[in-house]
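These notes concern the structure reproduced below.
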Amino acid sequence: MSNEVEQKKNIKTINDLPGISQTVINKLIEAGYSSLETLAVASPQDLSVAAGIPLSTAQKIIKEARDALDIRFKTALEVKKERMNVKKISTGSQALDGLLAGGIETRTMTEFFGEFGSGKTQLCHQLSVNVQLPPEKGGLSGKAVYIDTEGTFRWERIENMAKALGLDIDNVMNNIYYIRAINTDHQIAIVDDLQELVSKDPSIKLIVVDSVTSHFRAEYPGRENLAVRQQKLNKHLHQLTRLAEVYDIAVIITNQVMARPDMFYGDPTVAVGGHTLYHVPGIRIQLKKSRGNRRIARVVDAPHLPEGEVVFALTEEGIRDAEE
Ligand code: GTP
Ligand code: MG
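Per the working numbering, the very first residue in the sequence shown carries number 2; after that it's consecutive.
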């Protein structure tokens, strides 16, 4: 990697913009331009007026922000090369991996959504273990960050899953950074701080947020709060997406969606209460309960994955293929 590219990669927040004084940065933040994204799409005139800075400074800041975010024309070959760098983490089920063209992708946010008991949390546990496997066994020899909003993380499950794979149990437990998020502000602050953790520890290859929506739903109930909730949630999701892209990490979020037995027509994946993660890029996988320990997974509107659904199983050892 050239020095220039490396330097750009180190610009992750507006505080890292080179040659911009703290006074100007404070002015930007006060004027509501607190992220590289908002700066990158600002007009120089607006920015200059809003922040009370010279037009030339505004132009320079916007250019730096665009460079840092790598917003520019790329050749198709560059895009192809970026795609080829995507790595995959096996889910533990060959059928499910097949549906995902190999597994959960780095540089991407993957959403598991479905009703209670559909296997979202079990998948989060399994992937936190599997990311640690060597590449030839479907992992990335990496570590996981597990953000738990519902208190449903079970270290006993991690032990069982690690044992089933013949891994050193303490080692596996040591490679999962766990944190309980107590409310939306805390959840957002954790992701703000993650930037530092993942840049210090490049072996982190997976970030789990289980569930991404529960605190938001509890704190912003009803239709009247929907707009504020969605805005706050979208910002949070974009931040997670950026972590995935910048640090080549797989991000997994879960979202409980009630089953609607009354709904035969229309899109059954439209969630009750209007919450939806539709506008955020990434891969969405719907999970459904089936007979016994069987679960059905379906990929929803992923541009590069074929449509289809598969069956997998939630077993004592973890996620596996369903027996015939
Ligand atoms: P919510 O968080 O309530 O929305 O559900 P979820 O989608 O996260 O479901 P979860 O992943 O927690 O799946 C629960 C199911 O996993 C249970 O119904 C069990 O079938 C299975 N499961 C959970 N723990 C174990 C375990 O220790 N052994 C086995 N064999 N199965 C388990
Ligand atoms: Mg769960």
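All C-beta atoms in this analysis are idealised placements derived from N, C-alpha and C, irrespective of residue type, glycine included.
What you are looking at is a predicted structure, and each value in this text was computed from that prediction instead of being measured.
In whole angstroms, give me the CA-to-CA distance for residue i and residue j.
i           : j           : result
residue 142 : residue 28  : 43 Å
residue 112 : residue 45  : 36 Å
residue 249 : residue 56  : 35 Å
residue 100 : residue 83  : 21 Å
residue 236 : residue 243 : 11 Å
residue 245 : residue 226 : 29 Å
residue 68  : residue 41  : 9 Å
residue 193 : residue 288 : 29 Å
residue 37  : residue 196 : 14 Å
residue 75  : residue 109 : 19 Å
residue 206 : residue 135 : 12 Å
residue 166 : residue 238 : 32 Å
residue 187 : residue 20  : 32 Å
residue 133 : residue 70  : 29 Å
Please determine whether the Cβ atom of residue i lies at a distance below 7 Å from any heavy atom of the ligand MG.
i           : result
residue 160 : no
residue 290 : no
residue 214 : no
residue 202 : no
Do residue j and residue i count as a contact pair if the criterion is CB distance below 8 Å?
i           : j           : result
residue 286 : residue 299 : yes
residue 324 : residue 161 : no
residue 211 : residue 290 : no
residue 90  : residue 140 : yes
residue 383 : residue 292 : Because residue 383 is not part of the residues shown, which for the chain are 2 to 325, the question remains open.
residue 54  : residue 87  : no
residue 18  : residue 72  : no
residue 179 : residue 149 : yes
residue 209 : residue 253 : yes
residue 151 : residue 259 : no
How about residue i: is its Cβ closer than 7 Å to a heavy atom in the ligand GTP?
i           : result
residue 257 : yes
residue 131 : no
residue 153 : yes
residue 317 : yes
residue 119 : yes
residue 294 : yes
residue 150 : no
residue 115 : yes
residue 111 : no
residue 122 : yes
Does the Cβ of residue i have 16 or more other Cβ atoms within 10 Å, making it buried, or fewer, making it exposed?
i           : result
residue 319 : buried
residue 265 : Because the pLDDT of residue 265 is 44, which lies under 50, any placement of that residue in the model is unreliable, and the number read from its coordinates should be weighed accordingly. Exposed is the call here.
residue 43  : buried
residue 268 : Caution applies to residue 268, whose pLDDT of 46 falls short of 50 and renders its modelled position unreliable; the model cannot decide the point.
residue 229 : exposed
residue 302 : exposed
residue 107 : buried
residue 183 : exposed
residue 305 : exposed
residue 309 : exposed
residue 315 : buried
What are the partner residues of residue i, as DSSP defines its beta bridges?
i           : result
residue 181 : 149
residue 24  : Per DSSP, none; premise fails for residue 24.
residue 1   : Nothing about residue 1 can be reported from this structure: the residues present for the chain run from 2 to 325 only.
residue 316 : 319
residue 105 : 90
residue 285 : 112 and 301
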